[in-house]
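Q: Numbering (this note's numbering), first residue to last: 938 to 1179.
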Ligand SMILES: [Zn+2]
């Protein structure tokens, strides 16, 4: 029995002879490995289906050992990403994060799929400052997963009058100086402001904002640490924070 799914290529591994294994992030099934047959042939019909970032419709069928792709229709290649090293690093970071998320429901997975496409579009076509799109991706991801980081008040005591604000990484929330715990780290004012602005700005409007110099990098470090603690994982983020 065959099934049609919409997916984004996260990575591919060479298999024997002319076959390639591809890890997809799909709307319908989340992360799934599929096999492309004979795609190393330069004239292969489905050769674009093995390229990282390719987004398309895959028809899959149960094979002996894995799911076999029998048809592929490209929707968006995002090929500009591969041609610009900064875009490449940011977009790869999005896919690296997606691969490590532990989804709690199918609904959450579907929302993250839509978010991933929006982030890739913003990085590919958005004319947005480097790292804004990536930070926005994490900010929205946390909201979808039920632990949005931005808050106008201390999430513990509710005070809105605070001089200093801290990230409590144990729960992924912002707290005031009286409520901070041993695992809390101070969030500098410019970083908080960057978080606030990104939280309130849609992907389509990212090109209209300007964050304080360097604040997007300090924010990205906070977002990445929060991601790593929430999902008990490590991100390499090649070319971005290293
Ligand atoms: Zn408090």
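Idealized CB from N, CA, C, for every residue including glycine. No experiment lies behind these values; they were computed from the predicted model shown.
Return the Cβ separation of residue 1012 and residue 994 in integer angstroms, given the expectation that the two are a contact with Cβ distance under 8 Å.
A: That pair is a contact at about 7 Å.
Q: With burial defined as no fewer than 16 other Cβ atoms inside 10 Å of the residue's Cβ, what is the status of residue 1094: buried or exposed?
A: Flag for residue 1094 reads exposed.
Q: What does the Cβ neighbour count give for residue 1029, buried or exposed, with the cut at 16 atoms within 10 Å?
A: The residue in question, residue 1029, is buried, as its Cβ has 16 or more Cβ neighbours within 10 Å.
Q: Does any residue of chain D have a CB that is nearer than 8 Å to the CB of residue 1091?
A: Looking at the structure shown, chain D is missing, and only one protein chain is on hand.
Q: Can you list, in chain order, the residues of its chain with a C-beta nearer than 6 Å to that of residue 1061? Leave out the 5 residues immediately preceding and following it.
A: Once the five neighbours on either side are set aside, the close Cβ partners of residue 1061 are 1015, 1017 and 1018.
Q: Could you check if residue 1044 is buried or exposed, using at least 16 other CB atoms within 10 Å of its CB as the buried criterion?
A: With fewer than 16 other Cβ atoms within 10 Å, it is exposed.
Q: Return the first residue and the last residue of the alpha helix (DSSP H) that residue 1017 is part of.
A: Its alpha helix (DSSP H) spans residues 1016-1019.
Q: Can you have a look at residue 1175 and say buried or exposed, based on whether 16 or more other CB atoms are within 10 angstroms of its CB?
A: So residue 1175 ends up on the exposed side.
Q: Spell out a yes or no on whether the stretch 1135-1142 and the stretch 1073-1085 are touching, meaning 3 or more CB-CB pairs, one atom from each, closer than 8 Å.
A: The stretch 1135-1142 is in contact with the stretch 1073-1085.
Q: Can you tell me whether DSSP reads residue 995 as helix, strand or coil?
A: Of the three classes helix, strand and coil, the one that applies to residue 995 here is strand, per DSSP.
Q: Rounded to the nearest angstrom, how far is the Cβ of residue 1153 from that of residue 1053, given a contact under 8 Å?
A: Not quite, the Cβ-Cβ distance comes to about 20 Å (not below 8 Å), so this is no contact.
Q: Mind reading off the beta-carbon distance from residue 1143 to residue 1041? Whole number of angstroms is fine, and I expect it under 8 Å.
A: Wrong, their Cβ atoms sit about 28 Å apart, outside the cutoff.
Q: Note the first and the last residue of the continuous beta strand (DSSP E) segment covering residue 1113.
A: Per DSSP, residue 1113 belongs to the beta strand (DSSP E) from 1110-1113.
Q: Measuring from the CB of residue 1096, is there a heavy atom of ligand 1 at a distance below 7 Å?
A: The answer is yes for residue 1096.
Q: So, does the stretch 1118-1129 touch the stretch 1149-1163, judging by three or more C-beta pairs under 8 Å?
A: The stretch 1118-1129 is in contact with the stretch 1149-1163.
Q: Which value, in whole angstroms, describes the spacing of the CA atoms of residue 1149 and residue 1132?
A: Each residue's alpha carbon lies about 11 Å from the other.
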